[in-house]
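J.: Residue numbers (this note's numbering): 6 to 379. Quick reminder that beta carbons are idealized off the backbone N, C-alpha and C, glycines included.
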Amino acid sequence: MDEVHKVYNTGGFRDNALLPIVIELQERSYASALFLTATFTLERWEVLKISLDNHIAYKKLGRPAQPIEVINLEKGDQYTFITMIEKRLEDARKLNQPGKPCKKILIRLNNRKKCELVAAYFEKECQAKCLIVHSRNKNDSSVNAMFYKQQIPMNIELLFSTSILDEGINLNNGQDEIDSIYVIGKTAHPEELVQYLGRLRNAVAPCFIVIHTSLATNHLMDVEKFHQTKQARLKKITDQMSKISGIIQDVSADLDFFSGPDRPKLRTFERVAKLNETFLSWCDAKLFGQYSGKVVQNFPSLAALSYLLDSSASYEDFHYFNLRVKQLLPEAQLRLSKDSHLQTPAHILEFVKEMNEVTKEQFCSSIDDAMFIF
Numbered sequence: 006m007d008e009v010h011k012v013y014n015t016g017g018f019r020d021n022a023l024l025p026i027v028i029e030l031q032e033r034s035y036a037s038a039l040f041l042t043a044t045f046t047l048e049r050w051e052v053l054k055i056s057l058d059n060h061i062a063y064k065k066l067g068r069p070a071q072p073i074e075v076i077n078l079e080k081g082d083q084y085t086f087i088t089m090i091e092k093r094l095e096d097a098r099k100l101n102q103p104g105k106p107c108k109k110i111l112i113r114l115n116n117r118k119k120c121e122l123v124a125a126y127f128e129k130e131c132q133a134k135c136l137i138v139h140s141r142n143k144n145d146s147s148v149n150a151m152f153y154k155q156q157i158p159m160n161i162e163l164l165f166s167t168s169i170l171d172e173g174i175n176l177n178n179g180q181d182e183i184d185s186i187y188v189i190g191k192t193a194h195p196e197e198l199v200q201y202l203g204r205l206r207n208a209v210a211p212c213f214i215v216i217h218t219s220l221a222t223n224h225l226m227d228v229e230k231f232h233q234t235k236q237a238r239l240k241k242i243t244d245q246m247s248k249i250s251g252i253i254q255d256v257s258a259d260l261d262f263f264s265g266p267d268r269p270k271l272r273t274f275e276r277v278a279k280l281n282e283t284f285l286s287w288c289d290a291k292l293f294g295q296y297s298g299k300v301v302q303n304f305p306s307l308a309a310l311s312y313l314l315d316s317s318a319s320y321e322d323f324h325y326f327n328l329r330v331k332q333l334l335p336e337a338q339l340r341l342s343k344d345s346h347l348q349t350p351a352h353i354l355e356f357v358k359e360m361n362e363v364t365k366e367q368f369c370s371s372i373d374d375a376m377f378i379f
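1) Specify the secondary structure class of Tyr13 as computed by DSSP and reduced to three states.
2) Return the CA-CA distance between Ala125 and Glu182, expressed in angstroms with no decimal places.
3) Let me check understanding here. Comparing Cα to Cα, which of Arg98, Leu114, Ser286 lies closest to Phe86?
4) Under the three-state reduction of DSSP, which class applies to Tyr320: helix, strand or coil?
5) When you compare the stretch 332–348 with the stretch 62–79, are there three or more beta-carbon pairs, one atom per stretch, that lie closer than 8 Å?
6) Please classify Leu163: is it buried, with 16 or more other beta-carbons within 10 angstroms of its beta-carbon, or exposed?
7) Going straight from the alpha carbon of Leu30 to that of Met6, what length do you get?
8) Look at the Cβ atom of Gly179, then the Cβ atom of Asn207, and state whether they are nearer than 8 Å.
9) Grouping DSSP H, G and I as helix and E and B as strand, with all else coil, what is Glu8?
10) Does the count of Cβ pairs from the stretch 258–268 and the stretch 224–232 closer than 8 Å reach three?
11) Which partner residues does Ser185 have in the DSSP bridge list?
12) Any chance the stretch 11–20 sits against the stretch 297–309, with 3 or more Cβ pairs inside 8 Å?
13) Please confirm whether Val215 and Leu347 have their CB atoms less than 8 Å apart.
14) Buried or exposed: which applies to Asn327, given that a residue is buried once 16 or more other Cβ atoms fall within 10 Å of its Cβ?
15) Does the stretch 44–61 touch the stretch 232–244, meaning 3 or more C-beta pairs lie closer than 8 Å?
16) For a test of the three-state rule: what should DSSP assign to Ile166, helix, strand or coil?
17) Got a sec? Which residues, its chain only, sit under 7 Å from Gly203 by beta carbon, not counting five neighbours each side?
18) Going by C-alpha distance, which of Tyr187, Asp171, Phe304 is nearest Asp244?
19) Which residues does DSSP list as the beta-bridge partners of Gln302?
20) Quick check on this structure: which residue in Pro266, Trp287, Leu292, Ser317 has the alpha carbon closest to the alpha carbon of Ala278?
21) Can you list, in chain order, the stretches of the alpha helix (DSSP H) that have 4 or more residues and sit fully within the stretch 117–153?
22) Run the CB neighbour count on Leu280, radius 10 Å, all protein chains shown included, and call it buried at 16 or more, exposed below.
23) Whose C-alpha, out of Ile378, Met376, Phe379, Val357, is nearest the C-alpha of Lys129?
24) I need the boundaries of the alpha helix (DSSP H) containing Phe45, first residue and last residue.
25) Buried or exposed, going by whether 16 or more other CB atoms sit within 10 Å of the CB of Gln132?
26) Using DSSP bridges, identify the partner residues of Arg238.
27) Can you tell which of Phe127, Leu111, Val256 has the C-alpha that lies nearest to the C-alpha of Leu205?
28) Taking Cβ positions, are Val330 and Gln254 nearer each other than 8 Å?
29) Using CA coordinates, which residue listed in Ile174, Ile378, Gln155, Lys109 is at the minimum distance from Asp96?
30) Looking at Ile174: is its Cβ nearer than 8 Å to the Cβ of Phe152?
31) With H, G and I counted as helix, E and B as strand and the rest as coil, what does DSSP make of Val256?
32) Do the CB positions of Gln155 and Glu172 come within less than 8 Å of each other?
33) Going by C-alpha to C-alpha distance, which of Phe45, Arg68, Gly67, Ile76 sits closest to Ile61?
34) The alpha helix (DSSP H) that contains Asn281, what's its start and end?
35) Helix, strand or coil, according to DSSP, for Leu53 in the structure here?
As structure tokens, then:
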């Protein structure tokens, strides 16, 4: 099983597909199983209740340093990063040479609509050649061509992508082609950040993580102790929630013995839906699933909640974020910079407003056609 970290970080929306696999692995239905991943967090894996006999870690020696700068825009908003990339693109274009691939900037913006909006801005205002990769257009010819060739096309200047580009694709562009990497916001778990950086097989480019919300910098923090405290609290949460769902799972089975004409037996999927409806608003996880006609604990969904909480905790303090990234990528060299001046220019805000109005108009104008088709 390759990219096995996806078993515990995609259970929030892929739990139905993952649950049967997890249960079979828990029960050791296979004579042997080999799990592969470049990023592994044991505490997240343990939520799945899949035991490991051996844990083998390989390290590549002599890897170059990976510079990562976290930029905190103290007066910025969700669109201020556009100004930074504009300046970076302007400087990168000065280095382009006739007949050779243009300099490329990679932007991870984990929101499909924002990817399209920002790409539209650069295409209009900067005449930039952009390529967008997300779940809705992954089968487009231009995207498939990049996947097949494992290379960003020669004329592309800006590559926008959601988390879909975190795994499963190699980009073999050379060191002289890649200008920089931008990761926007706090949506990338340290695992996802390292996976995204790992797409570049033949290049190491400076990475900028751009945020516009606060990030603490407690120089007196004992980061190891802070890490242990956070992980212990997360374990307590998931253990208790697992215990609750286990008890209800047993009660659910016992109640079936008392079904009859006056108390009809609920179908399994109905019971699962009712239970999840009860708990989802309380704990942000679907605690129950269906397997072999029975109500069972939904381990992938619970693991995904643990992963989400862990991701949020990683951004509580820069020094802790530094620790978490280096646990996965020892050669990372992180630094923090704060910008107390940069704000989103009025023309960018106006462009965003116009695009949102166009989208709203398109939506409204399509309702009649949609109802006619329906």
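T.: So, from the listed chains and residues:
1) helix
2) 23 Å
3) Leu114
4) coil
5) yes
6) buried
7) 11 Å
8) Closer than 8 Å, so yes.
9) coil
10) no
11) Ile110
12) yes
13) No, the pair does not count as a contact, with Cβ atoms beyond the cut-off.
14) So Asn327 ends up on the buried side.
15) yes
16) Strictly speaking, residue 166 in this sequence is Ser, with Ile absent from that position. Strand.
17) Cβ contact annotation for Gly203 (same chain, cutoff 7 Å, sequence separation greater than five): Ala43, in chain order.
18) Phe304
19) Phe293
20) Leu292
21) 117–130
22) buried
23) Looking at the Cα atoms, Val357 is the closest of the given residues.
24) Element bounds for Phe45: n/a, residue is neither H nor E.
25) Classification for Gln132: exposed.
26) Bridge partners of Arg238: none, in fact.
27) Leu111
28) Contact: no.
29) Lys109
30) yes
31) helix
32) By the CB criterion at 8 Å, Gln155 and Glu172 fall outside the cutoff.
33) Phe45
34) 273–288
35) coil
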